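Notes to accompany the following structure.
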Amino acid sequence: LERPEEEDPQKRPFRGPNNWPSELPELKEEFMAAVNALHELSLEVASALEVCLEVEPGTFVKKCDDPMVLCRGLHYYTPLGGDTPDEAALGCSAHTDYGLISLLHQTAKGLQVLHAEDNVWMDVDPLPGSLVVNLGDLMQRWTNGRFKSTVHRVLPPEPGQRRQCIGFFLDANFDAVIEPLPRCIPPGEALKYPAIQAGQHKLAKFKVQSGSELDDQSAEFFRRTVEAPKGASVGGA
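All residue numbers for the sequence shown refer to this note's numbering, where the first residue is 76 and numbers rise by one.
Right, here's the structure in full:
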């Protein structure tokens with residue numbers, strides 16, 4: 076989203092004005108129209124999750140009224156005449172998204188999600204007129220693990236094939252304090268996650284991504300995703 080420059084970007088990153096290429100003056104209007112529409116849709120999904128959990132309306136949405144938002148396009152291409160990617164090749168390695176809700180438009184096969192119970196990789200093929208909805212790490216914390224963060228990866232296209240996707244990632248307000256909802260803590264069950272500021276949570280995730288800070292949980296995640304076998308397909312071309 077378009078934001079004014081922060082007084083101290085070091086204290087409150089992930090916000091501020093976007094940098095638009097001067098050679099494409101029409102890009103800002105067209106791209107921001109899509110971003111704003113995806114933002115509204117993500118809030119509708121958040122409202123639907125509130126209904127699912129039977130919590131007070133606005134429980135999620137009210138802490139996303141000044142959110143950290145990212146929208147970006149990704150292009151995957153394997154040159155024609157190149158080697159066919161082997162089974163270990165990846166276009167994007169296994170990961171979870173950091174925030175609450177992710178919306179993804181994709182033009183070709185390649186996306187896989189890790190089945191939360193069977194621990195196998197499932198193909199998620201594109202469906203015309205649809206978006207893929209993933210939940211992120213902050214939503215998992217907020218629901219005390221009731222909603223799982225979607226583990227996913229991308230396989231490279233076959234030689235000569237292209238895959239393009241646009242991902243929209245909704246996070247909470249930078250200063251919002253997120254803690255497990257009482258509704259998601261059954262009697263006798265322990266609190267799985269302490270309260271955390273959404274902005275600090277995102278900063279910590281970037282440190283893990285860069286490799287500057289790795290913990291036992293991160294090491295177990297990497298082991299699990301590398302060892303998981305291939306499963307079935309979901310959706311269709």
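For each residue, glycine too, the CB sits at the ideal point set by N, CA and C.
On a predicted model such as this, the values are computed, not experimentally measured, just so you know.
- The Cβ-Cβ distance between residue 279 and residue 138 does not fall below 7 Å.
- Of the residues assessed, residue 127 falls on the exposed side of the cut-off, its CB having fewer than 16 other CB atoms within 10 angstroms.
- Within the model, the alpha-carbon separation for residue 251 versus residue 277 is close to 12 Å.
- A straight-line Cα-Cα distance of about 12 Å links residue 192 and residue 226.
- Within the same chain, Cβ atoms closer than 7 Å to the Cβ of residue 166 are found at 151, 185, 229, 230 and 231, the five residues on either side in sequence being excluded.
- Straight across, the Cα-Cα distance linking residue 168 with residue 187 is about 10 Å.
- In the displayed model, residue 168 falls within a strand according to three-state DSSP.
- Residue state for residue 191 is assigned as coil, using DSSP reduced to three classes.
- Within the same chain, 231 come within 6 Å of residue 164 by CB-CB distance, once the 5 residues on both sides are set aside.
- Taking 3 residues as the shortest admissible run, the segment 134-162 contains the following complete beta strand (DSSP E) segments, listed from N- to C-terminal end: 142-152.
- In terms of Cβ geometry, residue 175 and residue 234 do not form a close pair [threshold 7 Å].
- Within the same chain, and ignoring the five residues on either side of residue 218 in sequence, the residues whose Cβ sits closer than 8 Å to its Cβ are 128, 255, 256 and 259.
- With respect to the 7 Å criterion, residue 241 and residue 180 are classified as neighbours on the basis of their beta carbons.
- Around the Cβ of residue 93, a 10 Å sphere holds fewer than 16 other Cβ atoms; the residue is exposed.
- Membership of residue 221 in any beta strand (DSSP E) is not indicated, and neither H nor E is assigned to it by DSSP.
- Taking the C-beta atoms as reference points, residue 113 is found no nearer than 7 Å to residue 210.
- When secondary structure is reduced to three states using DSSP, residue 106 falls in the helix class.
- An exposed status is given to residue 239, since fewer than 16 other beta-carbon atoms sit within 10 Å of its beta-carbon.
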